[in-house]
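Residue numbers (my numbering), protein chains in the order written: chain A, 1 to 377; chain B, 378 to 739. Here the structure comes first, spelled out in structure tokens, and everything after it is commentary.
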């Protein structure tokens with residue numbers, strides 16, 4: 001970087017203009033309808049202004065006219081890769097408001113599903129990360145393994161992505177008889193496949209060159225901009241909700257909150273790969289010990305929250321996902337606000353990418369793992 | 378006409394005489410030009426289609442899938458169907474584009490490709506032009522293509538296109554050095570720039586083996602730089618899909634896009650063919666010093682088959698790069714060239730001079 005800066009200073013006499021480029025809303029690497037207004041000088045990015053709202057679907061407003069069980073169905077349309085975590089967040093919020101204690105079996109199943117969702121999401125992120133850097137083969141390796149998780153989801157609740165498996169008071173159905181067998185088979189297989197990820201991408205010289213010391217985000221900035229999830233932890237921001245505010249079966253399992261203080265693209269990349277190992281570890285601890293019991297508690301036909309404000313946060317695959325419900329005692333929420341991790345993470349992009357090249361902007365954006373409907377809601 | 382699959386020089390000579398008997402010298406020249414031109418065009422079209430198909434199958438194999446399977450047996454007709462689709466597509470030109478240059482650019486790229494093909498020795502006697510400066514000619518005309526790319530980027534009046542074109546301009550001009558210098562290494566070894574002479578002098582042993590380590594280094598550098606010059610593999614910055622949508626040919630559609638597309642594949646063929654001719658013995662069969670029976674069996678395979686076998690091998694290597702490596706960044710690409718490949722190349726030339734001076738290669 002320092003070299004390029006010197007060149008610019010020494011070429012003062014040459015008149016160069018900064019120009020604006022609209023990256024998106026239709027662009028292959030914004031992964032959806034995100035528009036970045038990028039100010040460039042040659043190849044160097046000077047400023048990035050994200051413009052969101054191109055896929056705004058008014059989910060928060062729609063929630064106001066829906067009953068609580070119906071709200072869940074909208075949440076997995078936001079961050080469709082962390083569908084189960086979003087569902088769970090609403091369920092936990094409602095359960096806490098009504099002070100319903102769910103059976104242990106539900107907690108275990110929810111946590112396993114959480115981690116499977118996280119794995120699936122990280123696998124897809126890994127595919128896309130490689131693709132954004134021009135390594136197209138990664139895409140198929142990641143999707144190959146993700147397929148097994150989606151198959152398990154399909155068998156469990158009928159849906160592959162928009163699960164809607166959690167309901168207030170439990171889960172919609174009991175787990176499939178094959179569930180434990182298949183999950184264990186998946187773990188054994190994926191343990192063998194994970195080193196392939198490292199062989200194909202992590203250890204590659206070009207990949208290392210492209211990510212090391214690129215897109216630095218300091219701890220202060222990460223906290224100031226509310227960057228959470230693996231992106232925040234890559235800067236050393238200990239923000240894992242599973243650790244700090246445990247829910248479901250997380251208090252019962254041993255796992256490590258991986259932190260990296262380097263704050264560059266590679267740190268964020270490496271953390272997600274390590275999170276996959278941790279997720280496997282968490283599932284392994286739970287899968288054999290799912291307690292017998294009911295898969296849901298009996299709730300009233302119409303769920304009405306007491307008057308007041310309720311907040312529940314969970315760790316989604318992208319960071320801290322929060323549900324804030326204001327209730328006036330009716331069967332619909334009075335106001336709903338979702339704290340989506342993608343939104344906060346996106347706006348730190350300018351801090352990370354300014355001064356780098358366009359190619360780095362794409363790489364940095366990949367390490368943030370953005371899902372656009374999650375940003376726009 | 379004396380068709381001999383091992384030596385085409387008799388056949389081409391007889392054809393020439395046959396025409397001369399029946400026509401005036403001028404008419405003969407025109408007819409011969411037409412025949413050669415049409416056969417080159419046919420070759421480019423057909424081999425281009427084959428390469429696109431091969432790439433899709435190779436890529437599919439790397440990515441654990443089948444690739445095209447629906448159109449024809451094993452999807453063999455897929456590329457033809459795609460090509461017909463491209464032919465029938467509407468040509469859309471941006472309103473603010475520079476009309477003349479915009480239309481000219483694909484042709485320049487294509488012409489550069491055709492020009493470079495002219496000197497490639499496909500088999501004994503199957504070579505259109507046999508200059509005494511063959512290698513120099515190839516390096517010279519293949520760099521004309523970059524003008525087409527720059528024009529395409531400039532005239533489209535699109536920022537992405539322009540960035541792509543500028544990247545590719547910087548990249549191709551830089552890597553030209555490495556390509557030329559690695560070829561110079563072999564010229565020193567061969568003592569000639571004439572491609573037919575270079576092939577003939579690899580009768581006993583290919584230059585890759587004959588020149589010992591300097592040859593090997595030159596070959597590796599040639600492959601890297603050649604890949605970079607064709608805008609492929611880890612060096613496909615000019616059309617970096619994830620950054621610049623399609624780079625310099627973003628605004629092209631239909632047959633004009635097909636020209637760029639075809640030119641890229643044919644350029645890959647030219648790089649592979651040059652690597653084959655200069656390093657891997659061209660159409661010469663593989664010979665091992667004293668194993669006579671083995672050499673006889675190898676001699677039995679026609680030179681044309683040898684040539685295409687080697688070319689396809691090198692093309693497979695180049696495809697392998699593309700489907701395994703992530704893309705480099707523009708400054709890294711230039712660093713690789715100017716800080717690593719170029720100095721290595723210069724030292725390598727010195728080494729080769731030492732080899733030749735000490736007659737180590739004989």
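Just so it is clear, CB atoms sit at the ideal spot from N, CA and C, and this is done for glycine as well. Keep in mind the model is a prediction, meaning the values are calculated, not measured.
Residues 641, 644, 645, 648 of the same chain have their beta carbon placed closer than 7 Å to that of residue 607(B), with the five preceding and five following residues left out of the count.
The region 191-200 of chain A and the region 345-352 of chain A do not touch, with fewer than three beta-carbon pairs separated by less than 8 Å. For residue 573(B), the uninterrupted alpha helix (DSSP H) run begins and ends at 572-577, by DSSP. Here DSSP, grouped into helix, strand and coil, assigns residue 357(A) to strand. Taking a C-beta distance under 7 Å as the contact criterion, residue 609(B) and residue 359(A) do not qualify as a contact pair.
Rounded to the nearest angstrom, the Cβ distance from residue 264(A) to residue 213(A) is 5 Å, consistent with a contact under 8 Å.
A direct Cα-Cα distance of roughly 10 Å separates residue 74(A) from residue 90(A).
Unbroken alpha helix (DSSP H) runs of no fewer than 4 residues, entirely contained in the region 259-294 of chain A, are found at 265-287, following chain order. With a beta-carbon spacing of about 18 Å, residue 297(A) and residue 67(A) fall beyond the 8 Å limit used to define contacts.
The three-state reading of DSSP puts residue 310(A) in strand, counting E and B together. Rounded to whole angstroms, the separation of the alpha carbons of residue 187(A) and residue 676(B) is 54 Å.
At least one CB atom of chain A sits nearer than 7 Å to the CB of residue 706(B).
Proximity of the region 499-513 of chain B to the region 529-544 of chain B falls short of the contact definition, fewer than three beta-carbon pairs being nearer than 8 Å. Secondary structure at residue 447(B): coil, using DSSP grouped into helix, strand and coil.
Within chain A, no C-beta atom comes less than 7 Å from the C-beta of residue 668(B); the nearest is roughly 38 Å away.
Note on geometry: alpha-carbon atoms of residue 397(B) and residue 427(B) lie some 36 Å from one another.
Between residue 353(A) and residue 152(A) the beta-carbon gap is near 37 Å, outside 8 Å, which marks them as no contact. Those residues of the region 207-228 of chain A placed with their C-beta closer than 7 Å to a C-beta in chain B are 207, 209, 210, ordered along the chain. Here residue 322(A) carries a strand assignment [DSSP, helix/strand/coil]. Within chain A, 21, 40, 42, 43, 358 have C-beta atoms less than 9 Å from the C-beta of residue 540(B), given in sequence order.
With respect to the C-alpha of residue 233(A), the residue from 331(A), 255(A), 219(A), 142(A) having the closest C-alpha is 219(A). For residue 442(B), no beta strand (DSSP E) encloses it, and the DSSP letter there is neither H nor E. Here residue 515(B) carries a helix assignment [DSSP, helix/strand/coil]. Here the alpha carbons of residue 464(B) and residue 632(B) stand approximately 5 Å from one another. About 17 Å separates the beta carbons of residue 364(A) and residue 226(A), which is beyond the 8 Å limit, so they are not a contact pair. The beta-carbon separation of residue 627(B) and residue 537(B), rounded to 5 Å, stays under the 8 Å limit for a contact.
Look at residue 51(A) here: in three-state DSSP terms it is strand.
According to the DSSP assignment, residue 94(A) belongs to the alpha helix (DSSP H) that extends over 83-98. The beta carbon of residue 31(A) sits closer than 7 Å to the beta carbons of 128, 370, 372 from its chain, once the five residues preceding and following it are set aside; these are given in chain order.
Chain-ordered, the chain A residues with CB closer than 8 Å to the CB of residue 700(B) read 136, 137. Taking 8 Å as the cut-off between beta carbons, the residues of the region 440-467 of chain B near chain A are 440, 441, 442, in sequence order. For residue 338(A), the uninterrupted beta strand (DSSP E) run begins and ends at 335-339, by DSSP.
Remark: C-beta atoms of residue 315(A) and residue 241(A) approach each other more closely than 7 Å.
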